[in-house]
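Numbers 722 to 839, taken from my numbering, label the letters of the sequence shown in order. Glycine included, every Cβ here is placed at the ideal spot set by N, Cα and C. To start, the structure under review is shown below, and the notes come after it.
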Amino acid sequence: MANPIKGEVGFSVGEGRFTLAYDFNALCTMESDLGVSIEDVGAKMDTVGAVRTMFRIGLEAHHGQLSDIEAGNLIHQLGLEEAGSLITKAFQGAFPDASAEGKARQAKPKPRGSGRAR
Numbered sequence: 722m723a724n725p726i727k728g729e730v731g732f733s734v735g736e737g738r739f740t741l742a743y744d745f746n747a748l749c750t751m752e753s754d755l756g757v758s759i760e761d762v763g764a765k766m767d768t769v770g771a772v773r774t775m776f777r778i779g780l781e782a783h784h785g786q787l788s789d790i791e792a793g794n795l796i797h798q799l800g801l802e803e804a805g806s807l808i809t810k811a812f813q814g815a816f817p818d819a820s821a822e823g824k825a826r827q828a829k830p831k832p833r834g835s836g837r838a839r
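Following this line, the structure appears as structure tokens:
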């Protein structure tokens, strides 16, 4: 079962349940297989081969190594647009918004003085 707190995205294809996630190992594999830094991965989403590679890598943490053909078959059943949307959602989950953390209220300054009446 997918854990959105960990950036995991669950989806179904036919009767199968799958989880897409980009953990540290997946990010390293993605850099290696696509030949670009993580910052430049988004630019690769315009080729179907790169989408298939990203999809395959995102499945590995929960489903073991899949071939490009197996990943491509899942994409074919999902549709390219849906697969791209899942990749984007899982990839964004790998990098949680730091500004959302620590939104506690600002502490009120303590009043000056000893607090004792004279």
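Own chain partners of residue i with C-beta closer than 6 Å, once the 5 adjacent residues on each side are dropped
{"i": "L795", "result": "V734"}
{"i": "H783", "result": "T740"}
Residue from the options with nearest C-alpha to residue i
{"i": "T809", "options": "C749, R738, R773", "result": "R773"}
{"i": "N746", "options": "P817, D818, G785, L799", "result": "G785"}
Residue i to residue j span [Cα, whole Å]
{"i": "E736", "j": "A804", "result": "17 Å"}
{"i": "H797", "j": "I790", "result": "10 Å"}
{"i": "S806", "j": "G793", "result": "15 Å"}
{"i": "E781", "j": "F739", "result": "10 Å"}
{"i": "I759", "j": "N724", "result": "22 Å"}
{"i": "Y743", "j": "M775", "result": "9 Å"}
With 16 other Cβ atoms within 10 Å as the buried cut-off, status of residue i
{"i": "G814", "result": "buried"}
{"i": "I778", "result": "buried"}
{"i": "L801", "result": "exposed"}
{"i": "F812", "result": "buried"}
{"i": "V769", "result": "exposed"}
Chain-order list of residues whose beta-carbon lies under 7 Å from that of residue i (same chain, five-residue window excluded)
{"i": "K765", "result": "L755, V757, A771"}
Distance cut-off 7 Å: residue i Cβ against heavy atoms of the ligand ZN
{"i": "P725", "result": "Of the ligands one can find in the structure shown there are none, so the ligand ZN has no counterpart to examine."}
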